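**Q** Dumping the structure here so I can ask a few things about it.
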Amino acid sequence: MRSFVALFRKELRSYFGSPLVYLVAAAFLAYAGYYFHSDLIYFITFGFGLNIMENFWQVLFVDIRLVLIFAIPLLTMRLLAEERRLGTLELLLTYPLRDGAIVAAKLGACLVVVATLLAGTLAYPLLVFRVEPFALEPLAAAYLGLLLFAGVCASYGLFVSSLTDSQVLAGFLTALPLLLLWLLSWNEAAAATGALPVVRAISLFNHFQPFSVGVIDLRDVFYFVYATGLFVWATLRVLEARQWRGRR
Amino acid sequence: MIRCEQLTKYFGSVRAVTDVSFGVGEGEVAALLGPNGAGKSTVMRLLTGYVSPTSGRALVGGVDVAEQPVTARRQIGYLPEQVSLYPELTVRRYLAFVGEVKGLPGRLRRDAVAQVIECCGLGEVADRHNGKLSKGYRQRVGLAQALLGDPAVLVLDEPTVGLDPVQAVEMRALLRTLAGRTVLLSTHNLAEASALCSRVIILSHGGVVAEDTAERLGRRLEGAGRLVARIDGPPDAVAQALAALPGVVGVERGAADGQSGVSFVVLASDPEPVQRRLAAAIVAGGWTLLEVRAKPPTLEDLFVRLVGSGT
Numbered sequence: 001m002r003s004f005v006a007l008f009r010k011e012l013r014s015y016f017g018s019p020l021v022y023l024v025a026a027a028f029l030a031y032a033g034y035y036f037h038s039d040l041i042y043f044i045t046f047g048f049g050l051n052i053m054e055n056f057w058q059v060l061f062v063d064i065r066l067v068l069i070f071a072i073p074l075l076t077m078r079l080l081a082e083e084r085r086l087g088t089l090e091l092l093l094t095y096p097l098r099d100g101a102i103v104a105a106k107l108g109a110c111l112v113v114v115a116t117l118l119a120g121t122l123a124y125p126l127l128v129f130r131v132e133p134f135a136l137e138p139l140a141a142a143y144l145g146l147l148l149f150a151g152v153c154a155s156y157g158l159f160v161s162s163l164t165d166s167q168v169l170a171g172f173l174t175a176l177p178l179l180l181l182w183l184l185s186w187n188e189a190a191a192a193t194g195a196l197p198v199v200r201a202i203s204l205f206n207h208f209q210p211f212s213v214g215v216i217d218l219r220d221v222f223y224f225v226y227a228t229g230l231f232v233w234a235t236l237r238v239l240e241a242r243q244w245r246g247r248r
Numbered sequence: 249m250i251r252c253e254q255l256t257k258y259f260g261s262v263r264a265v266t267d268v269s270f271g272v273g274e275g276e277v278a279a280l281l282g283p284n285g286a287g288k289s290t291v292m293r294l295l296t297g298y299v300s301p302t303s304g305r306a307l308v309g310g311v312d313v314a315e316q317p318v319t320a321r322r323q324i325g326y327l328p329e330q331v332s333l334y335p336e337l338t339v340r341r342y343l344a345f346v347g348e349v350k351g352l353p354g355r356l357r358r359d360a361v362a363q364v365i366e367c368c369g370l371g372e373v374a375d376r377h378n379g380k381l382s383k384g385y386r387q388r389v390g391l392a393q394a395l396l397g398d399p400a401v402l403v404l405d406e407p408t409v410g411l412d413p414v415q416a417v418e419m420r421a422l423l424r425t426l427a428g429r430t431v432l433l434s435t436h437n438l439a440e441a442s443a444l445c446s447r448v449i450i451l452s453h454g455g456v457v458a459e460d461t462a463e464r465l466g467r468r469l470e471g472a473g474r475l476v477a478r479i480d481g482p483p484d485a486v487a488q489a490l491a492a493l494p495g496v497v498g499v500e501r502g503a504a505d506g507q508s509g510v511s512f513v514v515l516a517s518d519p520e521p522v523q524r525r526l527a528a529a530i531v532a533g534g535w536t537l538l539e540v541r542a543k544p545p546t547l548e549d550l551f552v553r554l555v556g557s558g559t
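Residue numbers (my numbering), protein chains in the order written: chain P, 1 to 248; chain W, 249 to 559.
What follows is the structure, encoded as structure tokens:
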């Protein structure tokens, strides 16, 4: 456990000691703030008096989710790719530390950074609540959904980062499929009719939808946890591959 | 303390080591000696659990590394061939991180870090970032992280490789201070192996070709050795004639030294009769033998003998 904590702390130190995380945070909060402003204006103009969860927060959380798709690859791209490039992975893998602890520490630190970014958006509900109080529980569900969504994206990013020693490639290969999936969910007409039910069932974005209106469905929670676990498992298999590849 | 039992490792269809068996006792300093590609680093990686054997077992302190890697790694301090450090951390902070990963609690960790900083001569760079260290200091930091936690076994992969002669001498002096610990170091520097190690394990093409103390290996060289000859004659024709002599293992042409004639180093399985044949061959060729003398056998002669032209 001490080894895990040591690596977790070192990862957090690396994040917060790097200018990248501040640039990502600035861009994330700028875009999220822009969406908050424009969605609020839209709600005040066209939907005032209607359900605020469905007509304002849902729209905002879907927009924040899109910003996360851009932010998370920038945070995950260095996780293992950098260790590979520097050659520090070999030493790390020969310390009294399980591969699982390495993966958990890196993913955990990344999620702490994402949670910190999301914490910055808590200012929006606080502002709105002061003007017009509303039920907070659905909002908590939406934030849980964002964290679970971020868990899948980050674990996928970690997996991609384990495949290469190029941070740029890792970031690109993480962002691209997420964007393509987002485009597909946005324009279902682009999918073949036969494939549509399957695409919907496995869509990262469809499973987020109930959270964004304040509904926690255990099937959606299970989906996100399962998908995160799947990418963690795949990352562990990549690390294990050193056994037969004989290289970092 | 270290035991390799018929270790074999394939990477896909490539055979890296075959049937490697040897042991290193407690407090013994042993060298894995071999040319590049002999399988030294693979054996070291098998011992640290970085890779698992295809067959056979690697045991450290009686613990099977493949079965209980974390328990085994607690007993090992490892210095990889290429020492890679986190550039954004200072030496002190990096060592504190390694100490924590190795499970050292607070006060003990601070003391251990201070101790290895002193022992490895890192005092003046302790607060410098790893990314700004010279190769020599990086190697020292690599050794310091291996020493943290006072592991029972040290596995050092080519600890002096890539260092300039002064840095290499300093590193060897540092390694001498490790006497009393169980150390397995790999090298292709024969002088280093015989100077630092009581036991030498020679690897070639992934297999052990000899294993003994440096002294006993030296005794196995009786009768073997080198002849240094200075000959006035066409160098290529002379070299060809020397190589064709019975009992000659190899011929190397010496560097030009401004003196008359060309010097040759002749590796011979039994120098005395070769010396006579050499003199006769020079006369028969119509050339002039300016000098011939025997050099005492070295471990290198044995190395050449055992691993052949693969070096």
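A virtual CB, placed ideally from N, CA and C, is assigned to each residue, including glycine.
These figures come from a predicted structure and were not determined experimentally.
With burial defined as no fewer than 16 other Cβ atoms inside 10 Å of the residue's Cβ, what is the status of residue 541 of chain W: buried or exposed?
**A** With fewer than 16 other Cβ atoms within 10 Å, it is exposed.
**Q** So, under 8 Å CB-CB, residue 511 of chain W and residue 486 of chain W are touching, yes? Tell me the CB distance rounded to an integer number of Å.
**A** Contact doesn't hold; Cβ gap of about 11 Å is too wide.
**Q** Between the alpha carbons of residue 34 of chain P and residue 65 of chain P, how many angstroms are there, rounded?
**A** Rounded to the nearest angstrom, the two C-alpha atoms are 14 Å apart.
**Q** Any residues in the stretch 2-36 of chain P with a beta carbon nearer than 7 Å to a beta carbon of chain W? Which ones, in chain order?
**A** Answer set for the stretch 2-36 of chain P: 2, 3, 6, 7, 10, 14, 17.
**Q** If we cut at 7 Å on Cβ distances, does residue 399 of chain W have a partner in chain P?
**A** No, residue 399 of chain W does not count as interfacial toward chain P.
**Q** To the nearest angstrom, how far is it from the Cα of residue 311 of chain W to the Cα of residue 320 of chain W?
**A** Distance between the alpha carbons of residue 311 of chain W and residue 320 of chain W: 6 Å.
**Q** Could you run through the stretch 75-93 of chain P and flag, in chain order, every residue whose CB is less than 7 Å away from some CB of chain W?
**A** Those residues of the stretch 75-93 of chain P that come within reach of chain W (Cβ to Cβ, closer than 7 Å) are 86, 87, 88, 90, 91, 93.
**Q** From what residue to what residue does the beta strand (DSSP E) around residue 251 of chain W run?
**A** Run containing residue 251 of chain W: 250-259, per the beta strand (DSSP E) assignment.
**Q** With a threshold of 7 Å between beta-carbons, can residue 243 of chain P be considered close to chain W, or not?
**A** Closer than 7 Å: yes.
**Q** Give, in chain order, every residue of the stretch 345-373 of chain W whose Cβ lies closer than 8 Å to some Cβ of chain P.
**A** So the close ones are 345, 346, 348, 349, 350, 351, 353.
**Q** According to DSSP, simplified to helix, strand and coil, what is residue 334 of chain W?
**A** Correct three-state label for residue 334 of chain W: coil.
**Q** When you compare each of P:73, P:2, P:243 to residue 97 of chain P by their alpha carbons, which one comes out closest?
**A** Nearest of P:73, P:2, P:243 to residue 97 of chain P, Cα basis: P:2.
**Q** What are the uninterrupted segments assigned as alpha helix (DSSP H) that are 4 or more residues long and contained completely in the stretch 161-237 of chain P, given in chain order?
**A** Within the stretch 161-237 of chain P, the complete alpha helix (DSSP H) runs of at least 4 residues are 167-186, 196-202, 209-212.
**Q** Residue 389 of chain W lies in the beta strand (DSSP E); which residues open and close that run?
**A** First-last for residue 389 of chain W: 383-395, but that is the alpha helix (DSSP H), not the beta strand (DSSP E).
**Q** Identify the continuous beta strand (DSSP E) that holds residue 303 of chain W and give its terminal residues.
**A** Residue 303 of chain W -> beta strand (DSSP E) spans 303-308.
**Q** Applying the 10 Å Cβ sphere with the 16-neighbour rule, what's the burial state of residue 127 of chain P?
**A** It counts as exposed.
**Q** Starting from the Cα of residue 101 of chain P, find the closest Cα among P:241, P:232, P:242, P:243 and give me that residue.
**A** Answer by Cα proximity: P:232.
**Q** Taking the runs of the beta strand (DSSP E) that are 3 residues or longer, which of them lie wholly in the stretch 433-472 of chain W?
**A** 447-452, 455-461, all fully within the stretch 433-472 of chain W.
**Q** Who are the Cβ neighbours of residue 162 of chain P in its own chain at under 7 Å, not counting the five residues just before and after it?
**A** Here the set comprises 80, 235, 238, 239.
**Q** For residue 290 of chain W, which residues from the same chain have a beta carbon less than 6 Å from its beta carbon, with the 5 sequence-adjacent residues on both sides left out?
**A** The residues are 257, 264, 265.
**Q** So the beta strand (DSSP E) residue 270 of chain W belongs to, where does it begin and stop?
**A** Counting along the chain, the beta strand (DSSP E) containing residue 270 of chain W begins and ends at 262-272.
**Q** Measuring straight from C-alpha to C-alpha, what distance separates residue 522 of chain W and residue 494 of chain W?
**A** Computed Cα separation, rounded: 7 Å.
**Q** Closer than 9 Å, Cβ to any Cβ of chain W: which residues of the stretch 104-121 of chain P, in chain order?
**A** Correct list: empty, as no residue qualifies.
**Q** Please list, in chain order, the residues of the stretch 280-299 of chain W that have any C-beta partner in chain P closer than 9 Å.
**A** Here the close residues are 290, 293, 296, 297, 298, 299.
**Q** Looking only at C-alpha atoms, which of P:74, P:195, P:122 sits nearest to residue 57 of chain P?
**A** Per the Cα distances, P:122.
**Q** Along the chain, where does the beta strand (DSSP E) that runs through residue 543 of chain W open and close?
**A** 536-543 is the extent of the beta strand (DSSP E) around residue 543 of chain W.
**Q** I'd like the list of long-range same chain contacts for residue 519 of chain W, defined as Cβ closer than 6 Å, with 5 residues on each side in sequence excluded.
**A** Answer for residue 519 of chain W: 473, 475, 542, listed in chain order.
**Q** How long is the line joining the alpha carbons of residue 113 of chain P and residue 103 of chain P, rounded to whole angstroms?
**A** Those two C-alpha atoms are separated by around 16 Å.
**Q** Cβ atoms of residue 456 of chain W and residue 308 of chain W: under 7 Å apart, would you say?
**A** Cβ distance not < 7 Å, so residue 308 of chain W and residue 456 of chain W don't count as in contact.
**Q** If we count Cβ pairs, one from each stretch, closer than 8 Å, do we get three or more for the stretch 387-404 of chain W versus the stretch 427-435 of chain W?
**A** Touching, per the Cβ criterion.
**Q** How would you list, in chain order, the residues of chain W whose beta-carbon sits under 9 Å from the beta-carbon of residue 98 of chain P?
**A** Those within 9 Å of residue 98 of chain P in chain W are 317, 318.
**Q** Find the nearest neighbour of residue 350 of chain W within the set W:390, W:362, W:397, W:305, judged by alpha-carbon distance.
**A** Ranking W:390, W:362, W:397, W:305 by Cα distance to residue 350 of chain W puts W:397 first.
**Q** Chain W partners of residue 95 of chain P, CB-CB under 8 Å?
**A** Under the 8 Å cutoff, chain W gives 321, 346, 349, 350.
**Q** DSSP state of residue 156 of chain P, grouped into three classes?
**A** Here residue 156 of chain P sits in helix by DSSP.
**Q** What residues are listed by DSSP as bridge partners for residue 512 of chain W?
**A** Answer is W:477, W:501, bridged to residue 512 of chain W.
**Q** Inspect the CB distances between the stretch 364-382 of chain W and the stretch 15-35 of chain P and report whether three or more fall short of 8 Å.
**A** The answer is no - the stretch 15-35 of chain P does not touch the stretch 364-382 of chain W, with fewer than three Cβ pairs under 8 Å.
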